[in-house]
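In the working numbering, the protein residues as written are 408 to 708. Don't be surprised by glycine CBs; every beta carbon is placed ideally from N, CA and C. Let me begin by presenting the structure, written as structure tokens, before commenting on it.
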């Protein structure tokens, strides 16, 4: 028997259904039928291009196509020595653009700096950009001990960026003196440039003082933020006293008080300032539920 499929003639084996077949002969006949069907369903060509045969039920991956390796989405949190060296090379290229070939001493200095940052938990990307900033500072003359002219420029420029205006004569002298003190502690111009603004902002926002009025204002503001309402008279007196204790005992300035006061207020708001049996039982229940995904039994509680 002959069948015409897709312009090709294939011959099916003739099966005599009247003659008893052994299991072996039946399996042989089935294999011949399957072989013929595979030939009939093979992918013909059309104009030199292989047509995709949707009748196929198996997928055969191409052996000629290579898959590009995909880099990880996040950089390694503990980069290798080679990753640090690569970042240093890219940083030099970024800053100097090939116009200056770094010396071995310069490269080694930046690699040591990268190794120091790795020890602080920085990843490869953070190290690369830190090296870029350090190279820019060296290129612009900010990496060396600042001279008088540099201190003048720092005091003026940082003041303008923080206050939005030029300093008066007295303000200029004050902040130049602060910059000089920082230099005396071993800071280079880059470090001064990044430390001076925080001190200026404290003055601008009145946080350089620890007068009763400043502490009362802090207590009011933080209370409103944590509790979502204004404090009562007794609550204000209590938290003003806590702020004053931070200043007197812990030698905090107003900025540090502002950073530390909210956590103490949240403890009171959430009842975590007490250690009564009811509070401890609530803590045990909550933590057990979080860890085990169910409420504790009586004996577990």
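Practice task
Check each candidate in 637, 631, 590 and 704 and name the one with the smallest Cα separation from residue 555.
Solution key: The alpha carbon of residue 555 has as its nearest neighbour, out of 637, 631, 590 and 704, the alpha carbon of 590.
Practice task
Just the C-alpha distance for residue 613 and residue 708, rounded to the nearest angstrom, thanks.
Solution key: For residue 613 and residue 708, the gap between their C-alpha atoms comes out near 50 Å.
Practice task
Taking 8 Å as the cut-off, decide whether the C-beta atoms of residue 664 and residue 672 are in contact.
Solution key: No, these two residues do not count as a Cβ contact at 8 Å.
Handout entry: Integer-rounded CB distance, given that residue 538 should sit under 8 Å from residue 586
Key = Incorrect: roughly 25 Å between the Cβ atoms, too far for contact.
Practice task
Locate the alpha helix (DSSP H) running through residue 619, then write down its first and last residues.
Solution key: For residue 619, the enclosing alpha helix (DSSP H) begins and ends at 619-634.
Practice task
Please report the Cβ distance between residue 565 and residue 604, rounded to the nearest whole angstrom; I am assuming they are in contact, meaning their Cβ atoms lie under 8 Å.
Solution key: That pair is a contact at about 6 Å.
Problem - Simplified DSSP assignment, three categories, for residue 706 - result: Here residue 706 sits in coil by DSSP.
Practice task
In the DSSP assignment, find the unbroken alpha helix (DSSP H) run with residue 607 in it and report its ends.
Solution key: 596-611 is the span of the alpha helix (DSSP H), which, as asked, contains residue 607.
Handout entry: residue 621 CB to nearest heavy atom of the ligand FAD below 7 Å
Key = Of the ligands one can find in the structure shown there are none, so the ligand FAD has no counterpart to examine.
Practice task
Inspect the beta-carbon positions of residue 491 and residue 526 and report whether they are closer than 8 Å.
Solution key: Residue 491 places its beta carbon 8 Å or farther from that of residue 526.
Practice task
Report yes if the CB atom of residue 688 is closer than 8 Å to the CB atom of residue 680, and no otherwise.
Solution key: In terms of Cβ geometry, residue 688 and residue 680 do not form a close pair [threshold 8 Å].
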